[in-house]
Amino acid sequence: MMIKQYSSINDVKRVKIFKALSEIKRIEMIRYLYHHRDNNTCGTIGESMGMDKSNVSYHLKILYEADLVSVTRMGQNKCSSLREDTFTEFLPGFLDSL
Numbered sequence: 555m556m557i558k559q560y561s562s563i564n565d566v567k568r569v570k571i572f573k574a575l576s577e578i579k580r581i582e583m584i585r586y587l588y589h590h591r592d593n594n595t596c597g598t599i600g601e602s603m604g605m606d607k608s609n610v611s612y613h614l615k616i617l618y619e620a621d622l623v624s625v626t627r628m629g630q631n632k633c634s635s636l637r638e639d640t641f642t643e644f645l646p647g648f649l650d651s652l
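FYI, in our numbering the residues of the sequence shown are 555 to 652.
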């Protein structure tokens, strides 16, 4: 019997994802991004969640490094959105549970 070898690259990515999701504020941010898909700047996210911009920026950076969010520049602002492809591949059904 042959044991299928899995890529250690995927394991590293899984560790980053689970570390990013180990903080309640980041799960709340993902929930917010899932339900509010338009123009999510640090300011709008922070305003709705009662957090300051620097704190939101810190948490978004961790989510970005885990490939859970993408960031696009719109003028002076950076807008964040979920990387639903990452959730589908590594955490199927997770977003629907929010």
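Just so it is clear, CB atoms sit at the ideal spot from N, CA and C, and this is done for glycine as well. The model shown is predicted, which means the values in this text are computed figures rather than measured ones.
If I measure Cβ to Cβ from residue i and keep anything under 6 Å in the same chain, skipping five residues before and after, which residues do I get?
i           : result
residue 571 : 620, 644
Between residue i and residue j, how many whole angstroms is the CB-CB distance? I'm expecting something under 8 Å.
i           : j           : result
residue 567 : residue 613 : Actually they do not touch by this definition, with Cβ atoms about 19 Å apart.
Give a yes or no on whether the C-beta atoms belonging to residue i and residue j are separated by under 8 Å.
i           : j           : result
residue 603 : residue 586 : yes
residue 636 : residue 652 : no
For residue i, which beta-bridge partners are listed by DSSP?
i           : result
residue 631 : 628
residue 636 : 623
Distance check for residue j and residue i, CA to CA, integer angstroms please.
i           : j           : result
residue 648 : residue 595 : 23 Å
residue 569 : residue 562 : 11 Å
residue 638 : residue 629 : 24 Å
residue 607 : residue 590 : 17 Å
residue 557 : residue 564 : For residue 557, the predicted model reports a pLDDT of 48, less than 50, meaning its position is unreliable and no value from the coordinates is stated.
residue 631 : residue 583 : 18 Å
In its own chain, which residues sit with a C-beta less than 7 Å from the C-beta of residue i, not counting the 5 before and 5 after it?
i           : result
residue 593 : 633
residue 618 : 625
residue 575 : 581
With a threshold of 8 Å on Cβ separation, who are the neighbours of residue i within its own chain once the five nearest residues in sequence on each side are excluded?
i           : result
residue 600 : 606, 607, 609, 610
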